[in-house]
Amino acid sequence: MPVVDDSKRKAARETIDILHEISTLLNTHLDRQSLSYCVSLIENGVNPEALAVRSRWALRYIPLLTSKQKVIKDLRAQNERYEGEQKGIGAQ
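Just add 514 to wherever you are in the sequence shown, counting from 1, and you've got this note's numbering.
Encoded structure:
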């Protein structure tokens, strides 16, 4: 089992390293930890578009929050509001 865990950790680290290189090229000013949070949130069902819209807010307050579930819940609520706004715009 440790071999599998090591290979998964290595693959995850390589993925974050690649994402960080892309992030640096795009001047996003996201560090590896912030990118890791974003990947985790997306893997847990947060809409990537909503995350991008709220990334400044999320990245500012994530270190202050103690529970990842709280962050996910808040971002899902924001996503629902965002999608509701988009539907309202499309209906006009």
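We treat Cβ as the ideally placed atom computed from N, Cα and C, and that holds for glycine.
Only exposed fits N558, as fewer than 16 other CB atoms lie within 10 angstroms of its CB.
Distance between E535 and G598, taken at the CA atoms: about 34 Å. A straight-line Cα-Cα distance of about 21 Å links I556 and L539.
Rounded to the nearest angstrom, the gap between the Cα atoms of N593 and D545 is 24 Å. Spatial neighbours of I530 in its own chain (CB-CB distance under 8 Å, excluding positions within 5 residues in sequence) are listed in chain order as R546, L549, S550 and V553. The Cβ atoms of V560 and R590 lie closer than 8 Å to each other.
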